[in-house]
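Working notes, structure below.
Protein chains in written order, with my numbering: chain G, 608 to 1540; chain E, 445 to 938.
Next up, the structure:
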């Protein structure tokens, strides 16, 4: 499309230039002042000179010329006229034509500029310019943290000595505002649990605080709340918004991403353990190098297009994948909109197009996909030692196996049941030229064998590499990975396996010569991923002459398959009828064996996780206008140069690139990282950050309302070894946080948005907290943590996935919403309407809308109606009499406060007339229920 | 407002504390322009962010300048409806039938390499008084040619359905951006206080490829998301729960109101709390109004006959026709933006339930043509006879075009983002008119080449909105429907 036309034709340019310069000897020295400046003055200077710099370009400063304007393209490449953007646009050889209006430059004028560039674009010393200071690098957020000591006003508000209050009070006083009084205990405890856990406090939790008259009761409560695992579940959700976490791929197929949840658990765990934030950052960029490989789930948490276009479109798709990583890294950690520099220099911030591609080079080797997580070296050592112990114990225990003492049991002599992973057929040595595996029945569909091995002693004589030849009754057509040749290609696993064309059939190996064989080994999938297509009734025939078959082994030689058919069955042990001491010994071995097996299973469990795959990338180029076919110079991996550099070579090792970037971002001296994260914490406490553009700390974002406070908090974070909980503690124990939320006329008038915090700003809970709170109040909340999520949808599994809202709910749906599989593009049918992000883009701040669909969902949905009924049942369980005590309990559970006498009696009479579920439905829809007070 | 504190996004409820008294009962027009916008009025590129009272997000708001159209009705053909077989007449393609596409030897499009040029299986004939050449696939739409304004030179950035739908519906090929309807309702609110401001009507066969992303709110407030329902499938959770009797339901609302009134007294003047109360009231009205608007039984027989909604022979057409009647009823009631989908992916990809005719185009389009033709022509005719076309802009579009060739070894056309057709009708649109052109085969736009951004800019323009100034601040950018692109196609404006 346009890109093709945009490419200037080098030859035509040279032809044009050659004809234009005939009047000039090649050796003529161009003088800038005499020859070039007049041309610029005539055509260019009005827009690109001292008065105006359209598109950020200025032609009277050599350093700026070499850098170029906003396009990111150097205007002049010394000695290379054809590669100089300036020449291309004035010669009319680019999409962009300069000057845009009026007469174009004459061929002679173009020739002057051409020769001037070729000769090195010399300019008088006074125009040589400074090595450019980046635009915007004096912006506040790029400066080191200011260490402003907290003010020390005299005011009851700051009597707790918390510097947060001192800074806030100063802001209030400047506007003639007074802080609000401390909120009552009930309000504070409810607010605390809702903000920090996304769940209301239980009656016991409320009472514990109400009855705690120690002076530090609040600080103790804060500690209890921070120590609860509910904290990590609540605050991880905020992070998932920022990093566009989702568990489907998005785009048109929107297929499931079933192994994304380990990253979700990792974030929750990290927050609960108060992992230092700098480490949390490092692990998300380069956890594979830091012993926390799940962390890089961050890089690939975004959408991924499974449908690949061809040619240029594929390149654009790849650029978009990387753009998603670059942009999310920039906004999430740095509050920098790096993505804006993809096509041209950043319009507001000191991010050049080269910077963008330098960061792209950091991620250039990151591919979307699952990886099987490695076990740590310590774990591996432990596994080896456990294996040794398990082997020894199993051997010792063998004499207690059921049947071991009863020789009459014919099964005892048989081989283990046929299983998908590995089967051995042993028989008396026999001479054979042909070995035929005849399948009479499978566990499901056409049989599959990944490798058929025939042994003469220790030698597999069936290998194709030794000259053996495979034939079969038929092979499944159309699958390269299941062709016949795979049955003896020496490779294991489903990807190198033979599948028969029919449910029964045979595969035969012809040995290069007659051999004496005594053993055959085969499997469905030695890698253990597939267990279908397993031959379960079969025989193995051998022959020296064709068609003189003799059966040497069959499925009848194996013990029958157990119910859980595809797993090798464990032997059973029998300790009865033995001398006491011997039985005790046996039991103790068995206990130990089971414990060792359990431990092994637990520590070796490293399923696949969607954490990306890393490969060494090729070179990264800057792309003119961000178009993949407009490659410019090679760019080495780097940070944003105005803020720091990584000192990496263009071909630096892939992992080192990410480590270097991670270390730069997580450095104590990076001015952005700590500011950005303490601002996010502040935002989720007060509904709005000190900077209300939480993912943009650049020039286009807003300035903080309390700059010194922001810096002071950021400094404290670093000083406390990046402990997020320490910042929470500071905020939560402040008078600011504990204020009442009632509006005052004066506050409303001066600061309607409550940015100065003359009160605690009340607000509606988010979707997740509303849902979780309902489950908590109705008494059915399942607090199980971690592992695969539950689904909010019924999924129609076509190539393109379709998600239909669930129609019925049960206990499996009663976990916290953070464990609901996050489907991109689809809203959960009840709570999604409460501004849930759709996972397509990072969302730093949810909108907080109020819509009739929310009302319909909360008032009419099956989910809420069911919860109302469960709530009513709980009330009836706890207060069997349908009386005023039950109504009081309903209020206490829903709102965390006792009902006033008239409220309780009104509720009772309503419930008596319309039923308790109706009362509960009203309570769960009430403003008081869904608001942080 | 005496607090010039830094803030970036739209005003929250507390900026409206002072306006509260006027707020709730009646729907006052909050058609103020943002103070920033007013002050910067001279600067023609400064953002104009609509000032929205959170208590009344759907209150009607004034446009930037005099509007030609009040409402928009988009007919979206999912699957990429071929311009070659409908509206883009190329005699040369008939001449060169079954010859190779010049320069197409090594051309590999979305799915396949190219076979030879293929004329449409349907004959083009002159239609209307203007004589516009349109095929026999859509003769009834063709008959209305005098009311239509064709843009034959649209281009897309992608040749893949999901991104293609996203691009046409949201101006961005990625997911997660606000749809055109969301932008429009964000800017203008709604004229109807009983119905959603923005309705998406999925095809009876299911949702399009990109599903809800076509009518999502992206980063705009959720209030501006399209509400999806059609004549057969109502709004989710609209109806009273079956387990709850009507008197109890009504009593519960009243009880809830009392709870809220008492609680809200603790926060005098808080509009977010008041807005929740208002939202339950609107929800209650919708519980009546949406079934009423969806109940087509009040329509006369003649309407059913006009749209083909009574056709027993072709139940798919009849079902889509009922959606078309619903669309008219919504427009009639002042719903700001209606998006009507023709074609779905749920019930069969690749041409089975949509226009994605890769392999068996003649066979598949023979089904899809009639499903589209009579209902949409009926809709246009009905809108016109009721005078609704004077204030309603109708846009027919699809994700991108198709190739003038058949795919090698198949009897259908591959995707082609290089040139495709849409048409406009109604308010502010020049008709009959054809603008732009593809090359002699209908392959690549060559005359007045236009982008989807240009189409969006034009639609906003007709609504009295400057696409460069209608913005929403998100993640460091003043976001626009048209990103940093788009030029109004003034030639199509009457």
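Each residue gets a CB set at the ideal place from its N, CA and C atoms; glycine is no exception.
Range covered by the alpha helix (DSSP H) that runs through residue 692(E)
Per DSSP, residue 692(E) belongs to the alpha helix (DSSP H) from 690 to 708.
Going by the DSSP bridge assignment, what does residue 765(G) pair with across the sheet?
BP columns for residue 765(G) are empty, so no partner.
Taking C-beta pairs closer than 8 angstroms, name the residues in chain G that residue 501(E) reaches, listed in chain order.
1456, 1457, 1458
Does DSSP classify residue 845(E) as helix, strand or coil?
strand
Considering only residues of the same chain and omitting the five flanking positions on each side of residue 1414(G), which have a CB-CB separation below 6 angstroms?
none
Check whether the Cβ atoms of residue 618(E) and residue 1447(G) lie closer than 8 angstroms to each other.
Their beta carbons are under 8 angstroms apart, which means residue 618(E) touches residue 1447(G) by this criterion.
As a quick exercise: from 1233(G), 1224(G), 792(G), 1047(G), pick the residue whose alpha carbon is nearest that of residue 963(G).
1233(G)
Using 10 angstroms around the beta-carbon of residue 918(G), count the other beta-carbons present and answer buried if the total reaches 16, otherwise exposed.
exposed
Taking the alpha-carbon of residue 562(E) as reference, which of 932(E), 802(E), 899(E), 828(E) has the nearest alpha-carbon?
Nearest neighbour of residue 562(E) by Cα position, chosen from 932(E), 802(E), 899(E), 828(E), turns out to be 802(E).
Name the chain E residues whose beta carbon is nearer than 8 angstroms to that of residue 1412(G)?
680
Residue 941(G): which of 1275(G), 1338(G), 1490(G) sits nearest, CA to CA?
1275(G)
Could you name the residues of the same chain whose beta carbon sits closer than 8 angstroms to that of residue 751(E), not counting the 5 residues immediately before and after it, in chain order?
Contacts found: 765, 766, 768, 769, 818, 819, 822, 823, 826.
If I'm right that residue 522(E) touches residue 704(E) with Cβ under 8 angstroms, what's the distance once you round it to whole angstroms?
With a Cβ gap of about 42 angstroms, residue 522(E) and residue 704(E) do not count as contacting.
By a C-beta neighbour count over all protein chains shown, 10 Å radius and 16 as the cutoff for buried, is residue 781(G) buried or exposed?
So residue 781(G) counts as exposed.
Residue 924(E) in three-state terms, based on DSSP:
coil
DSSP three-state label for residue 457(E), please.
Interpretation of residue 457(E) is limited by its pLDDT of 41, a score under 50 that renders its predicted location unreliable; no figure is taken from the coordinates.
The stretch 1508 to 1531 of chain G: positions lying closer than 9 angstroms to chain E by Cβ:
Residues passing the 9 angstroms Cβ filter: 1510, 1513, 1514, 1517, 1520, 1521, 1522, 1524, 1525, 1526, 1528, 1529, 1530.
Going by the DSSP bridge assignment, what does residue 1078(G) pair with across the sheet?
Looking at the DSSP output, residue 1078(G) sits in a beta bridge with 1115(G).
Report yes if the C-beta distance between residue 1471(G) and residue 1528(G) is below 8 angstroms; otherwise report no.
Yes, Cβ-Cβ distance for residue 1471(G) and residue 1528(G) is below 8 angstroms.
Pick helix, strand or coil for residue 940(E), following the three-state DSSP scheme.
Shown here, chain E extends from 445 to 938; a query on residue 940(E) therefore has no answer.
Proximity below 8 angstroms, CB of residue 587(E) to CB of residue 836(E):
no
Integer Cβ distance of residue 1494(G) from residue 1515(G), believed to fall under 8 angstroms:
4 angstroms
Three-state secondary structure assigned by DSSP to residue 1322(G):
helix
First and last residue of the alpha helix (DSSP H) that includes residue 730(E)?
Residue 730(E): member of the alpha helix (DSSP H) spanning 715 to 738, first to last residue.
Does the stretch 1255 to 1268 of chain G come into contact with the stretch 770 to 780 of chain G, if we say contact requires no fewer than three beta-carbon pairs (one atom in each stretch) closer than 8 angstroms?
no
Residue 491(E) versus residue 910(E) - alpha carbon distance
9 angstroms
In chain order, what residues of the same chain lie with their CB nearer than 8 angstroms to the CB of residue 469(E), ignoring the 5 residues before and after it?
Because residue 469(E) sits at a pLDDT of 29, beneath the cut-off of 50, its placement in the model cannot be relied upon, and the following sentence gives the value as read from the coordinates. Answer for residue 469(E): no residue qualifies.
Enumerate in chain order the residues of its own chain whose CB-to-CB distance from residue 635(G) is below 8 angstroms, with the five nearest sequence positions on each side excluded.
722
Out of 1338(G), 1506(G), 1435(G), which one is the CA nearest neighbour of residue 833(G)?
Nearest C-alpha to residue 833(G) among 1338(G), 1506(G), 1435(G): 1338(G).
Do three or more CB pairs link the stretch 546 to 566 of chain E to the stretch 891 to 904 of chain E at distances below 8 angstroms?
no
What first and last residue would you give for the alpha helix (DSSP H) that runs through residue 501(E)?
Here residue 501(E) belongs to no alpha helix (DSSP H), and DSSP marks it neither H nor E.
Below 9 angstroms between beta carbons is the criterion; list the residues of the stretch 636 to 666 of chain E that meet it against any residue of chain G, in chain order.
640, 650, 651, 653, 654, 655, 656, 657, 660, 661, 662, 663, 664, 665, 666
With DSSP run on the structure shown, which of helix, strand or coil describes residue 930(G)?
If DSSP states are grouped into helix, strand and coil, residue 930(G) belongs with the helices.
Starting from residue 521(E) and walking both ways along the beta strand (DSSP E), at which residues does that stretch end?
515 to 521
Determine the chain G residues that contact residue 730(E) at a beta-carbon separation under 8 angstroms, and present them in chain order.
1459, 1463
Have a look at residue 667(E) and residue 1531(G) and give me their C-alpha separation to the nearest angstrom.
22 angstroms
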